[in-house]
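Going by my numbering, the sequence shown opens with residue 92, and the numbers climb by one from there.
Working notes, structure below.
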Amino acid sequence: MSRHRRFRDGFRWENVDLLEYKPQGTHFRAVMRQVLFDGARGPGAELRYFEIAPGGHSTLERHRHAHAVLVLRGRGRALAGSRITTLEPFDLLEIGPGEWHQFRADDDACLGFLCLVDRERDRPRRPDKDDLVRLRADPAIADFIRV
Ligand code: MN
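Below you can see the structure in the form of structure tokens.
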């Protein structure tokens, strides 16, 4: 059976719940999530829309699964591996397996993006003390990351 969910004001899709990014924690700020496709009927992927409010950020994390990201709204930056890139609508960002990543919205703009992931995937890991020492060896990364 097909499904059509119309796009609505406020960057919402019809009959799609607006969810907290993660249940709890202080390692992220001002992030909301909508699961657009859960992949239950195939393909074996989930498509989510995340929106980070101005000044907010996602968790600094890594995992074995990859992310394919398409920016839809706003402006921000991302750490992906050892690079920090600026992001604007319709930019594509691929995060490879095992790469550290974190998204930040600019202070005066939200950052909204689609993120495609495997439906079956490993849990994200946050950096330990040694990881942070290694990450902060690069001054630009030290300045960028929020933990
Ligand atoms: Mn991730």
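Positions of the beta carbon are idealized from the N, C-alpha and C atoms, including for glycine.
A distance criterion of 6 Å places the beta-carbon of E152 in contact range of the ligand MN, judged by its closest non-hydrogen atom.
In the structure shown, the three-state DSSP call for P230 is helix.
Going by C-alpha positions, R120 is about 25 Å away from F98. Relative to G133, the option among G116, Q125, D209 and Y140 whose CA is nearest is D209. Short of 7 Å from the beta carbon of P145, and not among the five residues preceding or following it, lie these beta carbons of its own chain, in chain order: A196, D197, D198, D199, A200 and C201. Taking C-beta separations shorter than 8 Å and ignoring five residues to either side along the sequence, the partners of R217 in its chain run H118, T150, L151, E152 and V238, following chain order. With a cutoff of 6 Å, P218 does not count as near the ligand MN, since its C-beta is closer than that to no heavy atom of the ligand. In terms of Cβ geometry, H192 and A159 do not form a close pair [threshold 7 Å].
In this structure, the ligand MN has a non-hydrogen atom nearer than 6 Å to the beta-carbon of P215.
Between the C-alpha atoms of I143 and M123 there is a straight-line separation of about 7 Å. DSSP places F181 outside both helix and strand once states are collapsed to three, so it counts as coil. A157 has its alpha-carbon roughly 12 Å from the corresponding atom of E211. For V238, there is no enclosing beta strand (DSSP E), as DSSP gives it neither H nor E.
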